[in-house]
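*Asks:* Shown below is the structure under consideration.
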Amino acid sequence: MGNFLAGKVIAVTGAGRGIGRAVALGAAAEGARVVVNDYGVSMDGGSPTSEIAESVVKEVTAAGGEAVAVADDISTMAGGQRVVDAALTSYGRLDGVVCVAGILRERMLFNMSEDEWDPVIATHLKGTFTVFRAASAVMRQQRAGTLIGFTSGNHQGSVSQANYSAAKGGVISLVRSAALGLHKYGVTANAVAPVARTRMSANVPMELTEIGEPEDVAALVVYLLSDRAREQGITGQVYTIAGPKIAVWAQPRELRSAYAEGAGWTPERIAQFLPGSVGVDPMPMLSQVAGMELAAARRDRPNAR
Ligand SMILES: NC(=O)c1ccc[n+]([C@@H]2O[C@H](COP(=O)([O-])OP(=O)(O)OC[C@H]3O[C@@H](n4cnc5c(N)ncnc54)[C@H](O)[C@@H]3O)[C@@H](O)[C@H]2O)c1
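For the sequence shown, this note's numbering begins at 59 and goes up steadily by one.
Right, dumping it as structure tokens:
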């Protein structure tokens with residue numbers, strides 16, 4: 059056991075499987091007491107069971123750590139609040155929250171139903187809000203704390219997961235808003251865009267050349283939760299960890315601007331002015347679409363239609 063998180067209390071959503079489980083075990087191994095939240099659902103969000111969260115609590119305690127299970131659905135305000143309340147009731151404090159819970163409902167945009175859109179946004183985006191909302195109220199009072207959201211490289215856009223991509227883009231903006239709004243209270247907020255072998259990544263329609271294990275992601279999260287990261291001024295960042303690679307994503311900013319002589323834009327003036335002055339910023343993923351479609355076709359993924 060290390061002591062990167064000695065004395066801290068950390069709540070992790072989606073901690074029953076995959077990356078969340080590795081984060082819970084990794085945080086406990088570094089001295090944290092952990093709230094293990096998992097609704098215990100299938101990859102599309104159905105068939106909940108409380109056994110998933112409880113089994114990780116058993117793993118943590120078997121390894122000599124301390125943990126408590128919360129099997130609630132974090133896409134509800136009450137569920138997010140219970141995750142935070144469990145930390146306060148069981149351990150009397152809350153130093154960090156890590157929102158890992160996620161589901162997939164894949165479909166081409168032109169075929170996507172409301173029932174495929176809403177639960178994906180609710181789990182990823184609202185599910186980060188519910189926990190950040192409850193946790194930030196506590197952290198503001200104690201003038202310390204760390205919020206971590208989980209995004210994806212897919213926030214750049216996705217062929218058959220517009221719902222997931224939109225939710226993950228929203229998580230980044232939520233994290234940046236938390237970093238800005240809570241800075242003066244000593245609270246940091248960062249996002250992680252992982253690439254790791256789990257049940258969720260098993261269906262990715264491309265050959266991933268850069269992929270690692272959930273334990274690699276857990277190491278980054280433990281660092282971000284630690285005083286070391288706070289002392290190093292890390293907030294408002296998005297990091298990818300993919301096997302041996304760590305990357306930081308750019309902050310969104312205006313790429314190029316130009317000013318026209320005189321007032322009053324018209325569509326015709328813009329058509330003449332825009333291409334030669336501000337132009338476009340080519341979309342990196344657009345050049346990969348053909349390859350992704352080929353890979354998807356090879357795997358014959360019926361949902362991606
Ligand atoms: N695995 C990757 O390569 C990868 C890539 C990009 C992003 N991500 C993101 O990382 C996170 C973890 O992914 P994973 O691969 O470990 O997935 P996973 O399916 O292995 O684990 C997700 C867990 O979240 C739980 N969960 C789902 N809905 C919930 C809810 N409403 N309340 C509480 N728990 C809920 C599930 O029961 C499950 O145990 C997700 O947010 C995912 O979008 C993963």
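Yeah, the Cβ is synthetic: ideal placement off N, Cα and C, and Gly gets one too.
Can you tell which of Glu268, Arg91 and Ser231 has the C-alpha that lies nearest to the C-alpha of Ile206?
*Replies:* Along the sequence shown, one-based indexing puts residue 206 at 148. Closest option to Ile206, Cα to Cα, is Ser231.
*Asks:* Could you spell out the range, first to last residue, of the alpha helix (DSSP H) harbouring Ile132?
*Replies:* The sequence position of residue 132 within the sequence shown is 74, counting from 1. Here Ile132 belongs to no alpha helix (DSSP H), and DSSP marks it neither H nor E.
*Asks:* Is the closest heavy atom of ligand 1 to the C-beta of Asp131 under 7 Å?
*Replies:* Looking up residue 131 in the sequence shown gives position 73. Yes, the Cβ of Asp131 comes within 7 Å of a heavy atom of ligand 1.
*Asks:* Would you check whether ligand 2 has a heavy atom nearer than 7 Å to the C-beta of Asp173?
*Replies:* In terms of ligand content, the structure shown lacks ligand 2 and carries ligand 1 instead.
*Asks:* Based on Cα-Cα distance, which residue from Gly244, Thr147 and Arg327 lies nearest to Ile292?
*Replies:* Looking up residue 292 in the sequence shown gives position 234. It is Gly244 whose Cα lies nearest to the Cα of Ile292.
*Asks:* Does the separation of the CB atoms of Val126 and Ile132 fall below 8 Å?
*Replies:* Within the sequence shown, residue 126 is the residue found at index 68, counting from 1. Within the sequence shown, residue 132 is the residue found at index 74, counting from 1. Result no, Cβ atoms of Val126 and Ile132 do not sit closer than 8 Å.
*Asks:* Considering only residues of the same chain and omitting the five flanking positions on each side of Asn61, which have a CB-CB separation below 6 Å?
*Replies:* In the sequence shown, counting from the first residue as 1, residue 61 sits at position 3. Once the five neighbours on either side are set aside, the close Cβ partners of Asn61 are Gly89.
*Asks:* Using DSSP's beta-bridge definition, name the partner residues of Ile292.
*Replies:* Locating residue 292 in the sequence shown gives position 234, where the first residue counts as 1. In DSSP, Ile292 forms no bridge with anything.
*Asks:* Here's the rule I'm using: 16 or more other beta-carbon atoms within 10 Å means buried, otherwise exposed. How should Arg363 be labelled?
*Replies:* Looking up residue 363 in the sequence shown gives position 305. For Arg363, the predicted structure reports a pLDDT of 46, less than 50, and the residue's modelled location is therefore unreliable. A value from the coordinates is still provided. Exposed.
*Asks:* Strictly by DSSP, which residues pair up with Lys303?
*Replies:* Indexing the sequence shown from 1 puts residue 303 at position 245. Partner(s): Ala300.
*Asks:* For Thr209 versus Lys226, is the C-beta spacing smaller than 8 Å?
*Replies:* One-based indexing of the sequence shown puts residue 209 at position 151. One-based indexing of the sequence shown puts residue 226 at position 168. Yes, they are a contact pair.
*Asks:* Can the beta-carbon of Val275 be found closer than 8 Å to that of Ile77?
*Replies:* Working through the sequence shown from its first residue, we reach residue 275 at position 217. Working through the sequence shown from its first residue, we reach residue 77 at position 19. For Val275 and Ile77, yes; Cβs fall inside 8 Å.
*Asks:* What's the gap between the Cα of Gly103 and the Cα of Pro177?
*Replies:* In the sequence shown, residue 103 corresponds to position 45, counting from 1. In the sequence shown, residue 177 corresponds to position 119, counting from 1. Taking the straight line joining both Cα atoms gives about 8 Å.
*Asks:* What does Ala249 pair with, by DSSP beta-bridge criteria?
*Replies:* In the sequence shown, the residue the question calls residue 249 occupies position 191. DSSP, once it has assigned bridges, lists Gly207 and Val296 as partnering Ala249.
*Asks:* Could you give the distance in angstroms between the alpha-carbon of Arg288 and the alpha-carbon of Arg257?
*Replies:* To locate residue 288, count along the sequence shown from 1; it is residue 230. To locate residue 257, count along the sequence shown from 1; it is residue 199. Roughly 32 Å separates the two Cα atoms.
*Asks:* Can you pull the DSSP bridge partners for Glu117?
*Replies:* Position 59 of the sequence shown, counted from the start, is the residue given in the question as residue 117. None; Glu117 has no bridge partner.
*Asks:* Terminal residues of the continuous alpha helix (DSSP H) containing Ala192?
*Replies:* Here residue 192 is taken as the residue at index 134 of the sequence shown, counted from 1. Gly185 to Gln200 is the span of the alpha helix (DSSP H), which, as asked, contains Ala192.
*Asks:* Three or more C-beta pairs closer than 8 Å, one from the segment 92 to 111 and one from the segment 313 to 325: is that the case here?
*Replies:* no
*Asks:* Arg327 lies in the beta strand (DSSP E); which residues open and close that run?
*Replies:* The residue you call residue 327 lines up with position 269 of the sequence shown. First-last for Arg327: Pro325 to Ser335, but that is the alpha helix (DSSP H), not the beta strand (DSSP E).
*Asks:* Are Ala82 and Val114 close, meaning C-beta to C-beta below 8 Å?
*Replies:* Locating residue 82 in the sequence shown gives position 24, where the first residue counts as 1. Locating residue 114 in the sequence shown gives position 56, where the first residue counts as 1. Yes; because the gap between Cβ atoms is below 8 Å, this pair is in contact.
*Asks:* Ignore the nearest five residues each way along the sequence and tell me which others in Asp130's own chain have a CB closer than 6 Å to its CB.
*Replies:* Counted from its first residue, the sequence shown places residue 130 at position 72. Once the five neighbours on either side are set aside, the close Cβ partners of Asp130 are Gly137 and Arg140.
*Asks:* Examine the Cβ distances between the segment 235 to 251 and the segment 190 to 201 and report whether three or more of them are shorter than 8 Å.
*Replies:* yes
*Asks:* With a threshold of 8 Å between beta carbons, is Ser105 in contact with chain C?
*Replies:* No chain C is part of this structure, which consists of one protein chain only.
*Asks:* With Ile161 as the anchor, note down where its alpha helix (DSSP H) starts and where it stops.
*Replies:* The residue you call residue 161 lines up with position 103 of the sequence shown. First-last for Ile161: undefined, no H or E at that position.
*Asks:* Report whether the distance from the Cβ of Ala97 to the nearest heavy atom of ligand 1 is below 7 Å.
*Replies:* Looking up residue 97 in the sequence shown gives position 39. The amino acid at residue 97 is misidentified as Ala; the sequence shows Tyr. At least one heavy atom of ligand 1 is nearer than 7 Å to the Cβ of Tyr97, so yes.
*Asks:* If I follow the unbroken alpha helix (DSSP H) through Arg151, where does it start and stop?
*Replies:* Within the sequence shown, numbered from 1, the residue matching residue 151 stands at position 93. Unbroken run through Arg151: none, as it is neither H nor E.
*Asks:* In angstroms, rounded to a whole number, what distance separates the CA positions of Ala247 and Arg198?
*Replies:* Reading the sequence shown from its first residue, position 189 is the one you call residue 247. Reading the sequence shown from its first residue, position 140 is the one you call residue 198. Roughly 13 Å between the two C-alpha positions.
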